[in-house]
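What follows is one structure encoded as structure tokens, with my remarks underneath.
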Ligand code: SF4
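Chains as they are written, first to last, in this note's numbering: chain A, 1 to 404; chain B, 1 to 137.
Put into structure tokens, the structure is as follows:
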């Protein structure tokens with residue numbers, strides 16, 4: 001039996017025991033069902049190809065380099081499922097090509113992570129949550145389905161250092177959502193349903209209630225404000241439900257956080273190393289995504305993958321560890337039919353099916369190692385646990401640079 | 001002017017609001033095989049409250065067509081097992097729900113993945129396959 005780190009979500013659980021037989025995963029212990037499925041692997045492994053014909057991996061990498069070199073406006077996109085080492089190499093590659101680089105956070109949690117890195121929010125570690133948190137607000141976040149061990153390992157159920165009575169007495173968890181989610185079912189009695197897009201209105205009502213004004217809102221907001229006021233150590237786990245809803249004015253959440261001195265804000269991240277990419281690019285450029293290197297890094301919303309595809313402003317796309325054909329609006333992905341797409345992934349995806357070049361890679365955390373940044377900012381090591389012949393993302397990036 | 005009979009044969013359409021969510025069983029199926037039957041079953045579906053279904057004359061298991069300016073898909077209708085006041089229907093985030101999402105983001109780059117308006121009607125066609133969603137228009 002070996003211990004590995006799960007890359008199924010940004011909790012990066014490090015307590016996963018795996019039984020390996022004949023170089024294959026036989027049994028996965030401690031992981032949630034999503035993590036176990038990731039570690040067991042997909043049924044359709046990707047094969048290297050050029051123009052839909054099977055090729056060897058070196059030919060694929062060479063062809064990919066040629067496409068990128070010949071493009072006037074290439075984009076490198078994905079990164080949330082790559083190690084930090086591969087991301088750093090990817091940023092180097094973007095510099096070398098004067099390319100646009102963007103990641104999934106561009107249409108996900110980038111707005112909040114940027115504010116965390118700029119220190120606009122108070123935040124804390126997941127261990128702090130486990131040891132000290134007494135009020136937990138899942139807002140637009142269904143952790144039970146998206147970061148499935150969040151409640152059991154860190155927030156609600158554990159008997160933390162100063163919370164020995166766990167959820168029975170020491171902790172209160174509330175859910176704010178448009179839907180009675182799985183997490184809401186656990187937090188019975190503290191589920192606050194809002195209409196789609198109603199987050200801003202609730203934030204304003206809470207701010208009124210916290211300042212002693214009478215909010216023009218459902219009376220239950222006073223109860224919620226009361227719970228939050230009494231917190232010794234509170235946390236708002238901000239899901240994409242909340243982020244999408246306040247995307248036009250994310251600073252409204254900063255304003256609420258300012259009224260809650262005992263609270264921490266934690267964006268709930270899906271892809272295991274999305275935060276890693278945001279931190280790596282931030283270190284290099286001062287921005288978390290949507291960058292074009294033109295001798296110097298330039299940030300522009302036009303460099304968001306969604307905008308670039310809609311405006312048809314890129315002429316080649318390298319996708320790594322992401323499936324834009326699956327995760328972006330169907331109405332904008334038609335541009336992918338007109339430009340060469342390079343797809344790097346362990347598995348066959350919708351995007352790989354239309355790609356001009358496919359480059360299979362190892363599953364990070366299982367077949368290759370490295371490091372990644374957990375949703376709270378802690379760096380976690382990923383030991384590779386299975387010997388195999390696949391190149392890691394990092395090695396593929398190195399190969400591309402050499403081929404250039 | 002003759003009577004347009006086709007108009008009367010057409011299934012009645014209703015406006016609905018759809019929001020998307022995540023489901024661990026679907027996420028598990030995605031990890032294993034995004035082209036598989038399980039992933040399709042868990043993705044190509046829409047959940048509605050009992051009341052909404054009754055109001056529109058639908059029943060669980062019906063195939064429904066969802067259409068808006070961005071696309072058109074056929075999915076299976078299910079009754080929500082959660083307590084729902086109605087007025088909003090739910091889909092697990094997937095290429096099926098994304099087929100209905102507008103690419104217009106007001107220049108901000110974040111689409112309305114969770115705030116979709118569409119028309120719903122009974123469908124004669126089969127449920128949209130994932131292959132159909134790959135064909136890049
Ligand atoms: S909670 Fe996330 S990291 Fe932990 S086992 Fe599940 S998928 Fe893996």
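Glycine included, each C-beta is placed from N, C-alpha and C at the ideal position. Model, not experiment: these values are computed from the prediction.
Report task. Identify the contact partners of residue 23 of chain B in chain A, using a Cβ-Cβ distance below 8 angstroms as the criterion. Result -> In the second chain, residue 23 of chain B corresponds to position 23, counting from 1. Taking the beta carbon of residue 23 of chain B as reference, the chain A residues within 8 angstroms of it are 145, listed in sequence order.
Query - Anticipated Cβ contact below 8 angstroms, residue 22 of chain B with residue 146 of chain A, distance rounded - result: Translated into the one-based positions of the second chain, residue 22 of chain B becomes position 22. Translated into the one-based positions of the first chain, residue 146 of chain A becomes position 146. Indeed they touch by this definition, with Cβ atoms about 5 angstroms apart.
Requested in this report: Please determine, among B:132, B:131, B:100 and B:107, the residue with the shortest C-alpha to C-alpha distance to residue 120 of chain B.
Outcome: As a first step, residue 120 of chain B is located in the second chain; it is residue number 120 there, counting from the start. Comparing Cα positions, the closest option is B:100.
Query - residue 48 of chain B, enclosing beta strand (DSSP E) - first and last residue - result: Reading the second chain from its first residue, position 48 is the one you call residue 48 of chain B. Here the beta strand (DSSP E) through residue 48 of chain B covers 45-48.
Query - Cβ-based neighbour list, residue 259 of chain A, same chain, cut-off 6 angstroms, excluding 5 preceding and 5 following - result: In the first chain, the residue the question calls residue 259 of chain A occupies position 259. Around residue 259 of chain A: 207 and 210.
Report task. Confirm, please, whether the CB-CB distance from residue 33 of chain A to residue 24 of chain B is below 8 angstroms. Result -> Residue numbering aside, residue 24 of chain B sits at position 24 when the second chain is read from its first letter. Residue numbering aside, residue 33 of chain A sits at position 33 when the first chain is read from its first letter. In this structure, residue 24 of chain B sits near residue 33 of chain A, with a CB-CB distance shorter than 8 angstroms.
Report task. Work out the CA separation of residue 383 of chain A and residue 254 of chain A for me, nearest whole Å. Result -> One-based indexing of the first chain puts residue 254 of chain A at position 254. One-based indexing of the first chain puts residue 383 of chain A at position 383. Rounded to whole angstroms, the gap between the alpha carbons of residue 254 of chain A and residue 383 of chain A is 37 angstroms.
Report task. Give the straight-line distance between the Cα atoms of residue 388 of chain A and residue 403 of chain A, rounded to the nearest whole angstrom. Result -> Residue numbering aside, residue 388 of chain A sits at position 388 when the first chain is read from its first letter. Residue numbering aside, residue 403 of chain A sits at position 403 when the first chain is read from its first letter. If you take the alpha carbons of residue 388 of chain A and residue 403 of chain A, they lie about 23 angstroms apart.
**Report entry** For residue 135 of chain B and residue 355 of chain A, the rounded distance between their alpha carbons
**Finding:** If you number the first chain from 1, residue 355 of chain A lands on position 355. If you number the second chain from 1, residue 135 of chain B lands on position 135. About 12 angstroms.
Query raised in the report: How about residue 54 of chain A: is its Cβ closer than 7 angstroms to a heavy atom in the ligand SF4?
Result: Numbered from its first residue, the first chain carries residue 54 of chain A at position 54. Taking 7 angstroms as the cut-off, one finds no heavy atom of the ligand SF4 near enough to the beta carbon of residue 54 of chain A.
Query raised in the report: How many whole angstroms separate the CB atoms of residue 380 of chain A and residue 344 of chain A, which I take to be in contact at a CB cut-off of 8 angstroms?
Result: The residue you call residue 380 of chain A lines up with position 380 of the first chain. The residue you call residue 344 of chain A lines up with position 344 of the first chain. The C-beta distance from residue 380 of chain A to residue 344 of chain A rounds to 22 angstroms, too long to meet the 8 angstroms contact threshold.
Requested in this report: Mind checking which residues open and close the alpha helix (DSSP H) that includes residue 122 of chain B?
Outcome: Residue 122 of chain B sits at position 122 when you count from the first residue of the second chain. Here residue 122 of chain B belongs to no alpha helix (DSSP H); instead the beta strand (DSSP E) covers 116-122.
**Report entry** Residue interval of the alpha helix (DSSP H) (run including residue 267 of chain A)
**Finding:** To locate residue 267 of chain A, count along the first chain from 1; it is residue 267. Note, residue 267 of chain A: premise wrong, no alpha helix (DSSP H); beta strand (DSSP E) at 263-267.
Query raised in the report: Looking at C-beta atoms only, is the number of pairs between the stretch 119-132 of chain A and the stretch 155-166 of chain A that lie closer than 8 angstroms three or more?
Result: In short, these stretches touch, since the Cβ pair count reaches three.
Requested in this report: With 8 angstroms as the limit, tell me which residues of the stretch 304-334 of chain A have their beta carbon closer than that to any beta carbon of chain C; keep them in chain order.
Outcome: This model lacks chain C altogether, as its protein chains are A and B.
Requested in this report: Check the Cβ-Cβ distances between residue 179 of chain A and every residue of chain B, and say whether any is below 8 angstroms.
Outcome: Taking the first chain and counting its residues from 1, the one referred to as residue 179 of chain A is at position 179. Using beta-carbon distances, residue 179 of chain A counts as an interface residue toward chain B, with a partner under 8 angstroms.
**Report entry** Any heavy atom of the ligand SF4 within less than 6 angstroms of residue CB: hits in chain order
**Finding:** That query returns the following residues: A:6, A:8, A:9, A:11, A:12, A:13, A:31, A:32, A:34, A:35, A:147, A:148 and A:149.
**Report entry** Span separating the alpha-carbon of residue 314 of chain A from that of residue 301 of chain A
**Finding:** Taking the first residue of the first chain as 1, we reach residue 314 of chain A at position 314. Taking the first residue of the first chain as 1, we reach residue 301 of chain A at position 301. Taking the straight line from one Cα to the other gives about 14 angstroms.
Query raised in the report: So, are the CB atoms of residue 46 of chain A and residue 352 of chain A less than 8 angstroms apart?
Result: For the purposes of this step, residue 46 of chain A is taken as residue 46 along the first chain, with counting starting at 1. For the purposes of this step, residue 352 of chain A is taken as residue 352 along the first chain, with counting starting at 1. Taking the C-beta atoms as reference points, residue 352 of chain A is found nearer than 8 angstroms to residue 46 of chain A.
Requested in this report: Tell me whether residue 56 of chain A is buried or exposed, calling it buried when 16 or more other Cβ atoms sit within 10 Å of its Cβ.
Outcome: As a working note, residue 56 of chain A is residue 56 in the first chain. Label assigned to residue 56 of chain A: exposed.
Query raised in the report: Terminal residues of the continuous alpha helix (DSSP H) containing residue 62 of chain B?
Result: The residue you call residue 62 of chain B lines up with position 62 of the second chain. DSSP places residue 62 of chain B in no alpha helix (DSSP H); its state is neither H nor E.
Query raised in the report: Are residue 138 of chain A and residue 237 of chain A touching if we call contact CB-CB under 8 angstroms?
Result: Stepping through the first chain from its first residue, residue 138 of chain A is reached at position 138. Stepping through the first chain from its first residue, residue 237 of chain A is reached at position 237. In this structure, residue 138 of chain A sits near residue 237 of chain A, with a CB-CB distance shorter than 8 angstroms.
Query - Closer than 7 angstroms at the beta carbon, the chain B residues around residue 25 of chain A - result: Position 25 of the first chain, counted from the first residue, corresponds to residue 25 of chain A. The premise fails here: residue 25 of chain A is roughly 12 angstroms from chain B at the closest Cβ pair, so nothing lies under 7 angstroms.
Requested in this report: May I have the straight-line CA-CA distance separating residue 180 of chain A from residue 22 of chain A, to the nearest angstrom?
Outcome: On the first chain, residue 180 of chain A is found 180 positions in, with the first residue counted as 1. On the first chain, residue 22 of chain A is found 22 positions in, with the first residue counted as 1. Cα-Cα distance, rounded: 44 angstroms.
Query raised in the report: At a Cβ threshold of 8 angstroms, is residue 42 of chain A touching chain B?
Result: On the first chain, position 42 is the one that residue 42 of chain A refers to. True, the Cβ-Cβ gap to chain B drops below 8 angstroms.
Query raised in the report: Any contact of the stretch 57-66 of chain B with the stretch 122-129 of chain B, i.e. 3+ C-beta pairs under 8 angstroms?
Result: The way I'd put it, the stretch 57-66 of chain B does touch the stretch 122-129 of chain B; three or more beta-carbon pairs between them come closer than 8 angstroms.
Query raised in the report: Is there contact here, the stretch 25-45 of chain A with the stretch 61-77 of chain A, by at least three beta-carbon pairs under 8 angstroms?
Result: They do not touch, by the three-pair rule.
Query - residue 297 of chain A - DSSP class collapsed to helix/strand/coil - result: Against the first chain, residue 297 of chain A aligns to sequence position 297. If DSSP states are grouped into helix, strand and coil, residue 297 of chain A belongs with the strands.
**Report entry** Alpha carbon of residue 269 of chain A to alpha carbon of residue 10 of chain A, nearest angstrom
**Finding:** Residue mapping note: residue 269 of chain A aligns to position 269 of the first chain, counting from 1. Residue mapping note: residue 10 of chain A aligns to position 10 of the first chain, counting from 1. Counting only the Cα atoms, residue 10 of chain A lies some 6 angstroms from residue 269 of chain A.
Query raised in the report: Any beta-carbon of chain A closer than 8 angstroms to the one on residue 66 of chain B?
Result: The residue given as residue 66 of chain B occupies position 66 in the second chain. At a cut-off of 8 angstroms between beta-carbon atoms, residue 66 of chain B makes no contact with chain A.
Query raised in the report: Who are the neighbours of residue 102 of chain B on chain A, taking C-beta pairs under 8 angstroms?
Result: Position 102 of the second chain holds residue 102 of chain B. From the beta-carbon of residue 102 of chain B, the residues of chain A found nearer than 8 angstroms are 329 and 331.
Requested in this report: For residue 68 of chain B, name the three-state secondary structure that DSSP assigns.
Outcome: Start at 1 with the first residue of the second chain, and residue 68 of chain B comes out as number 68. The DSSP-derived three-state label of residue 68 of chain B is strand.
**Report entry** residue 393 of chain A and residue 330 of chain A closer than 8 angstroms at C-beta
**Finding:** On the first chain, position 393 is the one that residue 393 of chain A refers to. On the first chain, position 330 is the one that residue 330 of chain A refers to. For residue 393 of chain A and residue 330 of chain A, no; Cβs fall outside 8 angstroms.
Query raised in the report: Which one of A:348, A:240, A:358 and A:327 has the shortest CA to CA distance from residue 340 of chain A?
Result: To locate residue 340 of chain A, count along the first chain from 1; it is residue 340. When each option's Cα is compared against that of residue 340 of chain A, the closest is A:358.
Query raised in the report: Name the chain A residues whose beta carbon is nearer than 7 angstroms to that of residue 141 of chain B?
Result: Outside the displayed span of chain B (1 to 137) sits residue 141 of chain B, for which this structure offers no information.
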